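Numbering (the working numbering), first residue to last: 1 to 512.
We put the CB at the ideal spot given by N, CA and C, even for glycine.
In this text, all values refer to a predicted model and were calculated from it rather than measured experimentally.
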């Protein structure tokens with residue numbers, strides 16, 4: 001697949017504002033590799049040569065994700081080793097950080113309880129790129145507090161080793177996302193991974209990436225049409241009714257077209273949609289609130305002047321970042337020979353394939369999908385849902401056929417006295433009478449009266465079964481908590497993580 005992807009780009013004659021796509025891709029990979037080496041070596045040693053001719057990529061938000069997401073990092077490390085390539089993980093720090101707490105299980109296996117343990121103070125939603133640590137005491141004490149809550153279930157989680165690394169990185173960066181991701185990457189170093197990392201914010205500031213962004217903006221009417229038509233076609237084929245899935249359509253307001261990028265300012269780090277309109281021989285970029293930028297570019301011109309203007313935005317406190325589809329589109333077309341997705345990313349990149357075909361006229365470069373499931377090592381007995389359903393059915397039978405349980409002595413504490421026996425006989429008599437239009441009402445009323453009269457006799461049995469259903473429901477709730485695959489990787493014991501992640505590398509864990 002890597003050879004096919006490389007050949008697709010190398011043979012393309014697509015013009016990117018005066019620069020061939022193949023040439024832009026070569027420049028992008030050189031710049032990406034140089035910056036990723038510089039960034040990674042700022043906090044850990046890595047033995048990677050910048051002379052490698054191939055790059056394999058993956059990406060995720062800089063957060064404490066579950067081990068199935070982490071599996072991608074080990075997959076790209078193995079692929080890079082097998083194909084004489086460099087593995088680069090992109091920290092997607094343009095995504096909004098939605099929570100400053102971690103879901104941590106506690107209690108016992110029989111009665112687990114969930115707690116959201118904060119690692120920083122709650123703050124207005126902002127991109128990871130902008131999120132500094134607000135409450136230093138909360139951040140530094142998180143490991144101890146989370147381990148205490150987890151103690152009864154997982155006495156020795158990776159968190160005990162991971163969190164001191166995160167605290168150490170936070171004292172260097174004061175950046176929340178960077179602290180979490182760099183500490184995780186340091187753990188990987190201890191397990192033998194030789195991979196690079198780079199925040200997406202820095203990818204967007206690469207000269208080649210700015211050229212690519214300038215091209216999309218200069219050609220926005222054509223791109224806008226390709227994007228929206230591909231999206232509507234995707235929704236029809238997949239029977240998606242939601243206007244938000246997999247992504248919203250790009251909007252148009254008067255003579256403004258929405259571009260698939262985010263814009264915000266250092267002083268107001270709320271992600272806003274970017275709108276663009278043509279004005280003479282320039283493009284006006286705006287959030288249509290407070291921020292406006294003019295780019296000297298037309299559909300026919302080169303992008304050099306526009307790239308220079310984009311380069312100046314950072315010093316002005318303005319951030320321009322790609323959204324998810326454009327991030328992976330650029331990764332696949334420019335940054336590397338192969339991109340490795342998780343399951344969710346692979347779904348939405350089916351849409352990216354359609355956009356690439358329509359806008360660039362290219363066969364979309366292929367990608368791989370890698371994921372896995374690891375659950376906390378907690379021994380527990382699984383709930384048999386069939387048993388619960390059977391009990392529920394029996395409770396229903398008590399309402400409409402109580403005599404069956406009384407006659408079969410299903411309840412040891414139930415005494416069928418003479419009155420109850422009379423009601424059972426009365427119901428049996430009516431059941432032997434065939435229903436007719438003439439007797440239907442009287443027959444139905446008599447059977448209902450008998451059922452109601454027999455209910456006190458089966459009440460103990462009903463209460464016993466309702467109690468059992470409640471117990472089973474509580475056990476089922478506990479099982480849902482215990483078997484979730486969404487728990488963050490630091491909550492797992494290190495040996496379990498190694499057993500899950502290291503086999504793909506076919507290397508020793510360093511302990512023989």
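Whole-angstrom distance between residue 27 and residue 207, CA atom to CA atom: Residue 207 and residue 27: Cα-Cα distance of roughly 9 Å.
Count the C-beta pairs between the region 42 to 56 and the region 183 to 191 that are closer than 8 Å, then say yes if the count reaches three, no if not. yes
Below 8 Å CB to CB, which residues in the same chain sit around residue 175 once its five sequence neighbours on both sides are set aside? 131, 132 and 133
Simplified DSSP assignment, three categories, for residue 361: Note: residue 361 maps to coil in three-state DSSP.
I'd like the span of the beta strand (DSSP E) that includes residue 118, first residue to last. Element bounds for residue 118: 112 to 118.
Reference residue 282; option with closest CA among 226, 218 and 345: 218
Since residue 249 and residue 280 should fall inside the 8 Å C-beta cutoff, what is the C-beta to C-beta distance between them, to a whole number of angstroms? Contact doesn't hold; Cβ gap of about 28 Å is too wide.
Whole runs of the beta strand (DSSP E) within the region 478 to 509, excluding any shorter than 3 residues: none
Compare the C-alpha of residue 214 against each of 287, 303 and 170 and name the closest. Checking every option, the nearest Cα to that of residue 214 belongs to 303.
Quick check on the burial criterion: 16 or more other C-beta atoms within 10 angstroms. Buried or exposed for residue 209? buried
Integer-rounded CB distance, given that residue 76 should sit under 8 Å from residue 58: Indeed they touch by this definition, with Cβ atoms about 5 Å apart.
Nearest to residue 339 (by Cα), restricted to the options 238, 273, 358 and 370: 370
For the region 453 to 473 against the region 355 to 367, do three or more pairs of beta-carbon atoms, one drawn from each stretch, fall closer than 8 Å, so that the two count as touching? no
What residues match up with residue 15 in a beta bridge as DSSP calls it? 20
Pick from 313, 452 and 142: whose alpha carbon is nearest that of residue 266? The shortest C-alpha separation from residue 266 is found at 313.
Distance check for residue 114 and residue 6, CA to CA, integer angstroms please. Distance from the CA of residue 6 to the CA of residue 114, rounded to the nearest whole angstrom, comes to 48 Å.
Any chance the region 295 to 302 sits against the region 324 to 333, with 3 or more Cβ pairs inside 8 Å? The answer is no - the region 324 to 333 does not touch the region 295 to 302, with fewer than three Cβ pairs under 8 Å.
Excluding the five sequence neighbours on either side, which residues of its own chain have a C-beta within less than 8 Å of the C-beta of residue 510, listed in chain order? Unreliable placement is indicated for residue 510, whose pLDDT of 43 sits below 50; the coordinate value is still reported in the next sentence. Excluding residues within five positions, the ones whose Cβ falls inside 8 Å are 190, 191 and 192.
Of the residues 474, 226 and 287, the one placed nearest residue 256, counting alpha carbons only: 287
Starting from residue 219, trace the beta strand (DSSP E) both ways and give me its first and last residue. Careful: residue 219 lies outside any beta strand (DSSP E) and carries neither H nor E.
Please classify residue 456 as buried or exposed, where buried requires at least 16 other C-beta atoms within 10 Å of its C-beta. exposed
Which residues share a DSSP beta bridge with residue 278? DSSP lists 283 as partners of residue 278.
Three-state secondary structure (DSSP) at residue 273? strand
Considering only residues of the same chain and omitting the five flanking positions on each side of residue 120, which have a CB-CB separation below 7 Å? 100, 133, 134, 135, 138, 139 and 176
Determine the direct distance from the alpha carbon of residue 270 to that of residue 493, and round the result to whole angstroms. 37 Å
Could you tell me whether the Cβ atoms of residue 200 and residue 90 are closer together than 8 Å? yes
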